[in-house]
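Asks: Got a structure for you, written out below as structure tokens; questions coming shortly.
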């Protein structure tokens, strides 16, 4: 073997071989498939505009571990890949590119603009797929889908028409979240952030007493043109006599009434608030209760209209300072205060989102009822379990979902409007005629569907549901739904529980009558070493591609996995990556040691394991196999990785290899076990495990079968007797080493040592002599005088002092004794001082008491050691 492992060369060449051989496809493991065992998992489709980030790396690593595990375990396995068209994000990218050329999309029209989008998608979109391959993930790439391919377009239209005909999709004027750049947004597409703004106290003068006024407080003075009432709490004594009176809106002179509603918080501002039903979510409900007028004061682009007098034509936020200046100049401002509140921003363009009344398409919240009931009856399970509480809290408060988007890129809403007045939804992309009048004078709704509508169908549309003629020539098309639906499980980040997971639950349940998956594993966030969320502004973003270049794909994968505790955020740092680089070095060096003693090793055959050491290591390996399998089956990824780490580092390398130096006959057996252990490691570190397996087999992957399509190890029987024996052998070795260290002979060879144990260890004497560096070991039931003694949990060891120069040891111990005497005297004096006890903080007193106890214990131990040396 080479002195160093060339991860980059191995990863690039091995991945190409695996992919070319078709190992990632559903029949890639056909030689070991077991009938009736199917596994299916969906890749959360990344945006076509996306690049691989560290959150993706965690999701894809965990999915790949499960897929590789199941593939090796004989399952017919489908990991379904694909890309999302990302309506808003993609349209923004292409719009910017065109604007850089001086072209506005409106100038070229919808059809020409979409040609540009498709061209961009083919040329630049999907870079993330190439990046994913660097991580070593193994989806069935030949079956990659795109949410805008023909089959999925058909599925989306089918789902829409089904919901439309069932009355679960409706159109109407609703208050929506409105981005003046990107249009309507669903609730989960709005990011709320702390905002340091102002609270403006405005004077509204009474219509019948023009020298008197009521003061209302608002954070958005630019919307006051749309006020249709002032509102107070009916229990507020300050304003009871004003209810029903009229006030005049500043600058424009329109009269509005003071009304009473319990919604008003009497402690906010002055206790009197403006009511703007067309531009505030809560005011919208108030307006409906009190039958107020709904006045819109700006258009879809945020431009103020004729309701705003001389401010017409200004952009709503840009107009704020001008409006406030005019109100202040004319004496309508009582005061302006600093104020912190939550403001909603578009999750894509970061524009301030406005509540806005608009005609939109909605999926009614009733669609979720069956999904909620089935989840809570146990037909799906969350990991960690507490996520069911969040799921229930959100789903039971689910509002109608706005699914129409004012974009050109996306699934066009399949609703048509005929000149005869008829409106209908159609699964066909281009209907022949109006089903009512037979006419051809009809138009299609100009809006597109929310991206999450199509991705909500991902567990079924990718398997052929609703694809129609688009997949008629695909052999797998008719079998997929029966073999792979419901999907076995889902792995994704908790942050898209409501964006994606919940939508899949109710959309697929509605379409198929069955939930889309049994198990839902939601992992936490990857944060920096200090526990801070990664962001460009904080300059703490970790680029996984750079880490793969610096460390390797295997090291990044293993580090993310071993840090991934259920329900707990990960803290990633270079220090952690370095730890697991050392782990890979340990594995590589173990292979080099084995190959120093043989040119190659056979595959594991338990019947060929004859030596005591081989039987011990096989038993420990079987224990590790059981633990890894159990943890993977429960999605305790970090525990599975920890078991592997402990077995390889603590047991195989630190003890198995070291003990083999006393039993060369066991090395061939250890090589077989190590090869089998590479299969166990394969889902976690696929490249290194493949490389070491082939090296130990005396083969090259180019000419040999890959371990990724070999059977995953099954646990054999444990030999508890041999495990007990070797645990005592190891304890004896460690104990003798400690005894030697007390007389400063830690790494030196000594003539003799004694082991006092209730169990006869004489058969293992060679192991103890070799690793403890002792020429002779004698087993006894007596204490040995004039010796360095060490007492461990189950045995005692003695190293005779005859012929040992103890002067240096005694000098060191006497120095320690003198130092400890002073420490004990000092702390005793302080603790016997009543003034100190009375004035010092309790924590300081306790710390000194603990320090005294520790010093006394050390002092006693030093005295005992000196006594043992005759001092």
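Residue numbers (the UniProt record's numbering): 1 to 871.
Virtual Cβ for every residue (Gly too), placed ideally from N, Cα, C.
Near residue 443, which residues of its chain fall below 8 Å by C-beta distance, leaving aside the five closest residues on each side in sequence?
Replies: Cβ within range, chain order: 416, 417.
Asks: Look up residue 509 in the DSSP assignment and say whether it is helix, strand or coil.
Replies: Residue 509 falls in the helix class under three-state DSSP.
Asks: At what residue ranges does the stretch 352-425 contain a whole run of the alpha helix (DSSP H), taking only runs of 4 or more?
Replies: DSSP runs (the alpha helix (DSSP H)) wholly in the stretch 352-425: 369-376, 387-396.
Asks: Going by DSSP in three states, residue 56 sits in which element: helix, strand or coil?
Replies: In this structure, residue 56 counts as helix in the three-state DSSP scheme.
Asks: For residue 578, count neighbouring C-beta atoms within 10 Å of its own C-beta (all shown protein chains included) and say buried if the count is 16 or more, exposed if not.
Replies: Under this definition residue 578 is an exposed residue.
Asks: Suppose the cutoff is 6 Å on Cβ atoms and the five residues either side in sequence are ignored; what does the same chain contact list for residue 248 look like?
Replies: Around residue 248: 205, 207, 255.
Asks: With DSSP as the reference, please indicate the residues paired to residue 517 in a beta bridge.
Replies: BP columns for residue 517 point to 487.
Asks: Tell me the DSSP bridge mates of residue 338?
Replies: Beta-bridge pairing links residue 338 to 198.
Asks: For residue 151, which of 526, 802, 467, 514 has the nearest alpha-carbon?
Replies: Among 526, 802, 467, 514, the Cα nearest to that of residue 151 is on 467.
Asks: Out of 516, 800, 728, 192, which one is the CA nearest neighbour of residue 42?
Replies: The shortest C-alpha separation from residue 42 is found at 516.
Asks: Leaving out five residues before and five after residue 60 in sequence, what residues of the same chain have Cβ atoms less than 8 Å from its Cβ?
Replies: Excluding residues within five positions, the ones whose Cβ falls inside 8 Å are 43, 132, 135, 137.
Asks: Out of 25, 679, 786, 804, which one is the CA nearest neighbour of residue 864?
Replies: Answer by Cα proximity: 786.
Asks: I'd like the ranges of any beta strand (DSSP E) spanning at least 3 consecutive residues and lying wholly in the stretch 717-796.
Replies: Qualifying beta strand (DSSP E) stretches, in chain order: 750-757, 774-780, 787-791.
Asks: Quick one: what's got a C-beta closer than 8 Å to residue 769's C-beta in the same chain, skipping five residues either side?
Replies: Closer than 8 Å at Cβ, skipping near neighbours: 662, 775, 776, 777.
Asks: Among residues of its own chain, excluding the 5 on either side of residue 568, which ones have a beta-carbon nearer than 7 Å to its beta-carbon?
Replies: Closer than 7 Å at the Cβ level, and outside the excluded window around residue 568, lie 524.
Asks: If you measure between the beta carbons of residue 361 and residue 498, is that distance less than 8 Å?
Replies: For residue 361 and residue 498, no; Cβs fall outside 8 Å.
Asks: Start and end of the beta strand (DSSP E) containing residue 178?
Replies: Residue 178 -> beta strand (DSSP E) spans 169-179.
Asks: In chain order, which alpha helix (DSSP H) runs of at least 4 residues are fully inside the stretch 515-580?
Replies: DSSP runs (the alpha helix (DSSP H)) wholly in the stretch 515-580: 544-550, 553-563.
Asks: Taking residue 905 as the reference, give the member of 757, 742, 826, 847 with the closest Cα.
Replies: Residue 905 is absent from the structure shown; the chain starts at 1 and stops at 871.
Asks: Have a look at 428, 565, 553 and flag the residue whose alpha-carbon is nearest the alpha-carbon of residue 469.
Replies: Out of 428, 565, 553, 428 has the C-alpha closest to the C-alpha of residue 469.
Asks: Quick check: the stretch 102-120 against the stretch 359-373, are there 3 or more CB pairs under 8 Å?
Replies: Segments in contact, no.
Asks: Going by DSSP, what residues sit across from residue 183 in a beta bridge?
Replies: DSSP output for residue 183 lists 179 as bridge partner(s).
Asks: Using CA coordinates, which residue listed in 458, 214, 611 is at the minimum distance from residue 144?
Replies: Comparing Cα positions, the closest option is 458.
Asks: How about residue 295 and residue 226: are their beta carbons less than 8 Å apart?
Replies: Closer than 8 Å, so yes.
Asks: Can you tell which of 281, 231, 280 has the C-alpha that lies nearest to the C-alpha of residue 260?
Replies: Residue 231 is the option with its Cα nearest to residue 260.
Asks: Could you work out which residue in 812, 810, 794, 788 is closest to residue 801 when comparing CA atoms only?
Replies: When each option's Cα is compared against that of residue 801, the closest is 788.
Asks: Between residue 635 and residue 696, what straight-line distance do the alpha-carbon atoms span, to the nearest angstrom?
Replies: Taking the straight line from one Cα to the other gives about 31 Å.
Asks: Taking Cβ positions, are residue 670 and residue 716 nearer each other than 8 Å?
Replies: For residue 670 and residue 716, no; Cβs fall outside 8 Å.
Asks: Across the stretch 118-133 and the stretch 46-65, are there enough close Cβ pairs to call them in contact, namely three or more that are closer than 8 Å?
Replies: Yes, the stretch 118-133 is in contact with the stretch 46-65.
Asks: Would you call the stretch 537-554 and the stretch 405-415 touching, i.e. three or more CB-CB distances under 8 Å?
Replies: The stretch 537-554, when compared against the stretch 405-415, does not touch it at the 8 Å Cβ threshold.
Asks: Between which residues of its own chain and residue 693 is the CB-CB distance below 6 Å, once the five residues before and five after are set aside?
Replies: Within the same chain, residue 693 has close Cβ partners 675, 678, 707.
Asks: I'd like the list of long-range same chain contacts for residue 434, defined as Cβ closer than 7 Å, with 5 residues on each side in sequence excluded.
Replies: Correct list, in chain order: 418, 420, 422, 442.
Asks: Using only the alpha-carbon positions, how far apart do residue 590 and residue 722 sit?
Replies: Between residue 590 and residue 722, the C-alpha separation is close to 23 Å.
Asks: Within the same chain, show all residues whose beta-carbon is closer than 7 Å to that of residue 619, passing over the 5 residues directly before and after it, in chain order.
Replies: 718, 719, 722, 723, listed in sequence order.
Asks: Could you check if residue 349 is buried or exposed, using at least 16 other CB atoms within 10 Å of its CB as the buried criterion?
Replies: Exposed is the call here.
Asks: Tell me whether residue 281 sits in a helix, a strand or coil according to DSSP, three-state version.
Replies: Helix, per DSSP.
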